[in-house]
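Here is the structure we will look at.
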Amino acid sequence: QQRIGILGAIPQEINGFLTLLQEVTETSIGGRIYYQGMLGNQSVVVVYSRIGKVAAAATVTTLLLEFGVTEIIFIGVAGAIHPNVKVGDVVIASELMQYDMDASPLRPKYEIPLLEKSYFETDSIRTQKAMEKVNQVINSTNITTLISLQELQKFDISAPTVHLGTIASGDQFFSTNKQKEQIQRALPHVLCVEMEGAAIAQVCYEFDIPFIVIRTISDNANQEATFSFQAFIEQISLVYGKEIITRLLGN
Ligand code: ADE
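Put into structure tokens, the structure is as follows:
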């Protein structure tokens, strides 16, 4: 029986659609609250993991073992790394990697020891479907009509787009140009950074569970990131979260 686990890292990444959940049961395990219920006609379990790779791995493992979810959707925000990626855009992962994994000289930098793997691919069919649905949210629905002009101007959002590519995860909030330039140099194909996706990807790979990761860009992963991130999660990420999840689980 199909049951979808939907995770964000923080309340502001799930609250937009949590209110749409029907027949809700709450379960508290390991300091997280798991909201089980129906979203449209889909059985789902929604939870926020808290920030970072360990928190994300523990939460997704609980979803798999305690709630028997059959697939995972991660939704949240990220900092832009690639020059084509702008605040308000959406990045959908084709693959994820952990930029802070380094067991060299035992193993190549970034490789997860014993798995002999640095990049974890998302489920291609579900990722394609997500590309279609998120494009509809961005273009047909025109997400910008759901956000106040004042907010759009504050973040310089005019015509958001959807990107498919590599997301890098690690236990660092990017808040300086130096951090950004370093990763741009080392990993020029990376579109954005966040702190959970590749941990979830690794666990899903090990359990052989299909997963996708969808990230709205909240900031430019530089010295303005702290302000931009905080303002974005309070006012905008809820709108994206609600529209994307409704569209994805709907028709
Ligand atoms: N998630 C959103 N913005 C981020 C940043 N600048 N660094 C790491 N994770 C983020």
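In the UniProt record's numbering, the protein residues as written are 3 to 253. Glycine included, every Cβ here is placed at the ideal spot set by N, Cα and C.
With residue i as the anchor, note down where its beta strand (DSSP E) starts and where it stops.
i      : result
Thr27  : 24-31
Val192 : 192-196
Give me whichever residues DSSP pairs with residue i in a beta bridge.
i         : result
Arg34     : Ile31
Glu97     : Glu123, Thr168
Met40     : Gln24, Ser45
Ile214    : Ile75
Phe8      : Before going on, a small fix: residue 8 reads as Ile here, not Phe. According to DSSP, Ile8 bridges with Val48, Ile75.
residue 2 : Absent from the model: residue 2. The displayed extent of the chain is 3 to 253, so no value can be given.
Val92     : Val164, Thr218
Ile114    : Lys119
Give the single residue among the options whose Cα lies nearest to the Cα of residue i.
i      : options                        : result
Ser150 : Gly243, Ile238, Thr61          : Ile238
Phe234 : Asn144, Asp91, Pro212          : Asp91
Ala33  : Gly39, Ala58, Glu245           : Position check: residue 33 holds Gly in this sequence, whereas Ala was assumed. Of Gly39, Ala58, Glu245, the residue nearest in Cα terms is Ala58.
Thr248 : Glu28, Tyr37, Val46            : Val46
Val205 : Ala60, Val49, Glu15            : Ala60
Ile214 : Gln181, Val136, Asp102, Gly172 : Val136
Lys55  : Leu66, Met99, Thr21            : Met99
Thr228 : Val79, Tyr242, Pro107          : Val79
Val164 : Ala203, Arg217, Thr178, Arg128 : Arg217
Ser126 : Glu153, Leu166, Ile114         : Leu166
Val26  : Glu15, Glu123, Ile6, Val48     : Val48
Thr168 : Glu196, Thr178, Gln174, Gln155 : Glu196
Ends of the alpha helix (DSSP H) at residue i?
i      : result
Phe175 : Per DSSP, Phe175 belongs to no alpha helix (DSSP H) and is neither H nor E.
Ile145 : Careful: Ile145 lies outside any alpha helix (DSSP H) and carries neither H nor E.
Ala223 : Run containing Ala223: none; DSSP gives neither H nor E here.
Gln186 : 179-188
Glu68  : 55-68
Go ahead and pull the three-state DSSP assignment for residue i.
i           : result
Leu108      : coil
Phe157      : coil
residue 255 : Here the chain comprises residues numbered 3 to 253, so residue 255 is not present and cannot be evaluated.
Val136      : helix
Val205      : helix
Asn86       : coil
Gln232      : helix
Gly18       : helix
Gln130      : helix
Gly252      : coil
Could you tell me whether the Cβ of residue i comes closer than 7 Å to any Cβ of chain C?
i      : result
Ala201 : Among the chains of the structure shown, chain C does not appear; only one protein chain is present.
Listed by chain order, which residues have C-beta atoms less than 6 Å from any heavy atom of the ligand ADE? Val79, Ala80, Gly81, Phe175, Phe176, Val195, Glu196, Met197, Ser220, Asp221, Ala223, Ala227, Phe231
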